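2 protein chains.
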Amino acid sequence: MATEHDKYIKPSVAVDIVVFTIMENELKVLLIKRGQQPFAGMWSLPGGFIHIDESPEDAALRELEEETGVKDVYLEQLYTFGRPNRDPRGRVISIAYYALVDSSKIKPHVTGAEKIENVQWVDVSDLPKLAFDHEDIVGYALKRLRYKMEYTAVGLELLPDLFTLTDLQRVYEIILSEKLDKRNFRKKVLSMGVVEPAKIYKKGPHRPAMLYRFKKSKPASTFKRIKFEG
Amino acid sequence: MATEHDKYIKPSVAVDIVVFTIMENELKVLLIKRGQQPFAGMWSLPGGFIHIDESPEDAALRELEEETGVKDVYLEQLYTFGRPNRDPRGRVISIAYYALVDSSKIKPHVTGAEKIENVQWVDVSDLPKLAFDHEDIVGYALKRLRYKMEYTAVGLELLPDLFTLTDLQRVYEIILSEKLDKRNFRKKVLSMGVVEPAKIYKKGPHRPAMLYRFKKSKPASTFKRIKFEG
DNA sequence: TTTCTTAGTGTAATTAATACACTACTACTA
DNA sequence: TAGTAGTAGTGTATTAATTACACTAAGAAA
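Protein chains in written order, with the working numbering: chain A, 1 to 230; chain B, 231 to 460.
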């Protein structure tokens, strides 16, 4: 039977992922150097075409694991980019995701086909020119991440299982590019009830800090909004 | 030249639109009765397949105009639904949008192929069972609309060019399903600077009310958040 | 035991949100 | 033409949330 959707020339459907992590006190994005045309030699976002039997989320997770070796990530759909000429090869619609990964979980050398020199974590404030419309996608992801930081505890996703409140504050300060008041920050985070003390102390050269963990029971989105950027 | 994306069986890509309007003091959604299998005879969201040379936004606007006769709408991408078996005909990925239209702009009889009895505005609180995963899509759209109402002036999109502040308050009350304080509501809306008085009064049997218009200069998103629903 | 460095804590001032009730204006009708 | 019905329009006091701000505590190292 000829079905309705067979009448149309079909676009290809891909996923692209903006993977954020915090390394060296900077917010970084994962980039891949393209090996083929178009845009051969240029940096681009990790991603690829959706397999016919997998959901877009699964495709994003698969690509992500192939390219970073990371499995447990926070992944959120961002936006679907579908301008007809965004890909010179033909019609490609891309479902963009962003992911947050704890840098301590990233495997030191990359699995899969990509060579190490073709994979790189780059400062968001120092991005090279990117292939396709990937600069737009990164911009969009950054906006969404910052926005979400203002009123949720999504920043927890960038930290290891145990962390100090100072670590968490640093994550917020790096992403929002602004200094936060220590007492007010702690007051807010603790009043949200999204973290709980692990009753273990971090060892080190100075005063030991209480380690906290993410309280799984609470949804991560109970932050009270601070302000709104238009 | 064989390109990378030719290797994959391609899914079909569609758009579905949740069109909201306010009629009879209720928030309504536009539904279309399906004429063919699958789900023949069931109600569904307006939508259709993307043409190969149009952006998803254009496809959504085209479908919308075909089915409601409305051109000037507020349209926002919602989410892309791509579960492998969401459509029994085969792999169909749907980019969902929601739209807000002023009910006074809706043409009384529908243009295009749809028969009038197959098109209907339904109360969001009284939806029938819908085809495909369209109930999920409506639920998602409602959540997003209510959320956005809390901190932006998006409700303006449901009103004609000139409206009273009481009209605007009614829109917010209907969508949020809660009564708002008149003085506080007016204070907030006016302090946002998103509307300006038209210096014309609405005529009627009672005290004439000042008509306002949407101030185009300001972005619609300057509302201060009231509260957060998790 | 002193110094260095980070951890941890409370209160007062300011700002934003809420609760709340009366007068003003017009059309209609008696 | 005075009264009534019905919507428009306005301000202030209370409460809650956010912000600003500075010292003591603990351990490691010299």
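Yeah, the Cβ is synthetic: ideal placement off N, Cα and C, and Gly gets one too.
Remember, it's a predicted structure, so these values are computed and weren't measured experimentally.
query, result
"Which residue marks the beginning of the beta strand (DSSP E) containing glutamine 350(B), and which one marks its end?", "349 to 353"
"Give the straight-line distance between the Cα atoms of threonine 80(A) and tyrosine 151(A), rounded to the nearest whole angstrom.", "24 Å"
"Is any heavy atom of the ligand HEM found at a distance shorter than 8 Å from the C-beta of glutamate 306(B)?", "Ligands in the displayed structure: none, and consequently the ligand HEM is not present."
"Quick one: which residues of the stretch 119 to 138 of chain A get their C-beta closer than 8 Å to a C-beta of chain B? List them in chain order.", "none"
"Measure the alpha-carbon distance for alanine 40(A) versus glycine 312(B) and round it to whole angstroms.", "30 Å"
"Among all the DSSP beta bridges, which residues are the ones paired with alanine 96(A)?", "Asp16(A), Tyr79(A)"
"Report all residues from its chain with a CB closer than 8 Å to the CB of aspartate 366(B); omit the five preceding and five following residues, and keep chain order.", "Phe311"
"Taking C-beta to C-beta, are arginine 86(A) and proline 38(A) nearer than 9 Å?", "no"
"By the criterion of Cβ-Cβ separation under 8 Å, what are the contact partners of glutamate 63(A) in chain B?", "Result: empty, since nearest Cβ-Cβ is about 13 Å, beyond 8 Å."
"Closest to alanine 14(A) by C-alpha separation, out of Asn25(A), Ser55(A), Glu65(A), Thr166(A), would be which residue?", "Ser55(A)"
"Taking all protein chains shown into account, do 16 or more other C-beta atoms lie within 10 angstroms of the C-beta of tyrosine 431(B), making it buried, or fewer, making it exposed?", "exposed"
"Since tyrosine 97(A) meets chain B, which of its residues come closer than 9 Å, beta carbon to beta carbon?", "Result: empty, since nearest Cβ-Cβ is about 10 Å, beyond 9 Å."
"CB-CB under 7 Å to glutamate 76(A), same chain, minus the five flanking residues each way: which ones, in chain order?", "Tyr97, Tyr98"
"To the nearest angstrom, report how far apart methionine 23(A) and leucine 100(A) are at their CA atoms.", "12 Å"
"Cβ closer than 9 Å: which chain B residues qualify as neighbours of tyrosine 74(A)?", "In chain order: nothing, as chain B lies at least about 17 Å away."
"State yes or no: is the C-beta of isoleucine 17(A) within less than 9 Å of the C-beta of proline 46(A)?", "yes"
"Hey, which unbroken runs of the alpha helix (DSSP H) at 4 residues or more fall wholly within the stretch 165 to 219 of chain A?", "165 to 176, 182 to 192"
"Have a look at valine 194(A) and phenylalanine 185(A) and give me their C-alpha separation to the nearest angstrom.", "13 Å"
"Taking the alpha-carbon positions, what's the alanine 439(B) to lysine 373(B) distance?", "32 Å"
"Can you check whether the C-beta of glutamate 284(B) is within less than 9 Å of a C-beta belonging to chain A?", "yes"
"Tell me the rounded alpha-carbon separation between serine 191(A) and threonine 164(A).", "16 Å"
"Quick check on the burial criterion: 16 or more other C-beta atoms within 10 angstroms. Buried or exposed for threonine 396(B)?", "exposed"
"Could you check whether leucine 61(A) and valine 19(A) sit closer than 9 Å to each other, using their CB atoms as the reference points?", "no"
"For tyrosine 309(B), which residues in chain A fall below 9 Å Cβ to Cβ?", "Gln77, Thr80"
"With a CB to CB cut of under 6 Å and the five nearest residues on each side skipped, what residues in its chain are close to proline 160(A)?", "Asp102, Ser104"
"Are the beta-carbon atoms of glutamate 387(B) and valine 349(B) separated by less than 9 Å?", "no"
"If distances are taken between C-alpha atoms only, which option among Gln399(B), Gly265(B), Asp363(B) comes closest to alanine 383(B)?", "Gln399(B)"
"In whole angstroms, what is the alpha-carbon distance linking serine 12(A) and lysine 240(B)?", "6 Å"
"Tell me the rounded alpha-carbon separation between aspartate 129(A) and valine 29(A).", "Looking at the sequence shown, residue 129(A) is not aspartate but lysine. Going from the Cα of lysine 129(A) to the Cα of valine 29(A) covers about 13 Å."
"Would leucine 78(A) and tyrosine 140(A) be called neighbours here (beta carbons separated by less than 9 Å)?", "yes"
"Closest Cβ-Cβ distance between arginine 91(A) and chain B: below 9 Å?", "yes"
"Measure how close the beta-carbons of proline 314(B) and aspartate 53(A) come, nearest whole angstrom, since I'm counting them as under 8 Å.", "6 Å"
"For the candidate residues Ser274(B), Val303(B), Phe444(B), Leu375(B), whose alpha-carbon lies nearest to that of glutamate 287(B)?", "Val303(B)"
"So is isoleucine 50(A) in contact with chain B if we call contact Cβ pairs under 9 Å?", "yes"
"On the three-state DSSP scale, how would you describe isoleucine 280(B)?", "coil"
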